[in-house]
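What follows is a single structure, written as structure tokens, with notes after it.
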Amino acid sequence: MRAVIQRVAWAHVTVESKRIAEIGEGTLILLGIEDADAAEDIAWLSRKIANLRIFNDEDGVMNKSLIEMNGDAIVVSQFTLHASTKKGNRPSYIKASKPEVAIPLYEQFVEQFEKDLGKIVGTGIFGADMKVALLNDGPVTIMIDTKNKDL
Numbered sequence: 003m004r005a006v007i008q009r010v011a012w013a014h015v016t017v018e019s020k021r022i023a024e025i026g027e028g029t030l031i032l033l034g035i036e037d038a039d040a041a042e043d044i045a046w047l048s049r050k051i052a053n054l055r056i057f058n059d060e061d062g063v064m065n066k067s068l069i070e071m072n073g074d075a076i077v078v079s080q081f082t083l084h085a086s087t088k089k090g091n092r093p094s095y096i097k098a099s100k101p102e103v104a105i106p107l108y109e110q111f112v113e114q115f116e117k118d119l120g121k122i123v124g125t126g127i128f129g130a131d132m133k134v135a136l137l138n139d140g141p142v143t144i145m146i147d148t149k150n151k152d153l
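Numbering (our numbering) for the sequence shown: 3 to 153.
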């Protein structure tokens, strides 16, 4: 699994001119899934994101997690995170899971993340043409890949 985590002042997701998810201060998570992903990836990534200390404390130091600040979150599926640009100019998405594999893993991730946060999170609609708007706070943007935990 690959995730791009953005600390946001606000974010929202719109599908067919209808706003389906909206948050204030928190995180917008773009989630890419590949066939090799499993339950261990879901559990590890969910805990990691929920506990990332990327929010400012009283001294302006990034020392608080999403859990500690009781922030909100939106999780949006994004197969393009697995794009390969090795050959030519057209990205290949061969590593990205097909919907029959990706949808259950995406839903499991959202469920686990809600458990770890102790609250409901917003989501996009898998496979929909989504418009995602956000105000990146900081800016703080972090990439995590469960297959390359050194990133």
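For every residue, glycine included, the Cβ atom is placed at its ideal position computed from N, Cα and C.
Would you list the one or two residues that DSSP bridges to residue i?
{"i": "residue 33", "result": "5 and 79"}
{"i": "residue 133", "result": "16"}
{"i": "residue 66", "result": "57"}
Compute the Euclidean distance between the alpha carbons of residue i and residue j, then round it to the nearest angstrom.
{"i": "residue 60", "j": "residue 68", "result": "15 angstroms"}
{"i": "residue 125", "j": "residue 89", "result": "33 angstroms"}
{"i": "residue 144", "j": "residue 9", "result": "9 angstroms"}
{"i": "residue 13", "j": "residue 84", "result": "23 angstroms"}
{"i": "residue 105", "j": "residue 128", "result": "7 angstroms"}
{"i": "residue 52", "j": "residue 91", "result": "36 angstroms"}
{"i": "residue 87", "j": "residue 62", "result": "38 angstroms"}
Is it buried or exposed for residue i, if we count other Cβ within 10 angstroms and need 16 for buried?
{"i": "residue 77", "result": "buried"}
{"i": "residue 21", "result": "exposed"}
{"i": "residue 122", "result": "exposed"}
{"i": "residue 42", "result": "exposed"}
{"i": "residue 140", "result": "exposed"}
{"i": "residue 1", "result": "Lying outside 3 to 153, the shown extent of the chain, residue 1 is not represented and no answer is given."}
{"i": "residue 15", "result": "buried"}
{"i": "residue 34", "result": "buried"}
{"i": "residue 74", "result": "buried"}
{"i": "residue 118", "result": "buried"}
{"i": "residue 70", "result": "exposed"}
Ordered along the chain, which non-local residues of its own chain (more than five positions away) have a Cβ less than 7 angstroms from that of residue i?
{"i": "residue 46", "result": "148"}
{"i": "residue 116", "result": "122 and 123"}
* Starting from the N-terminal side, write out each stretch of the beta strand (DSSP E) that is 3 residues or longer and does not extend beyond the stretch 71-117. => 74-79
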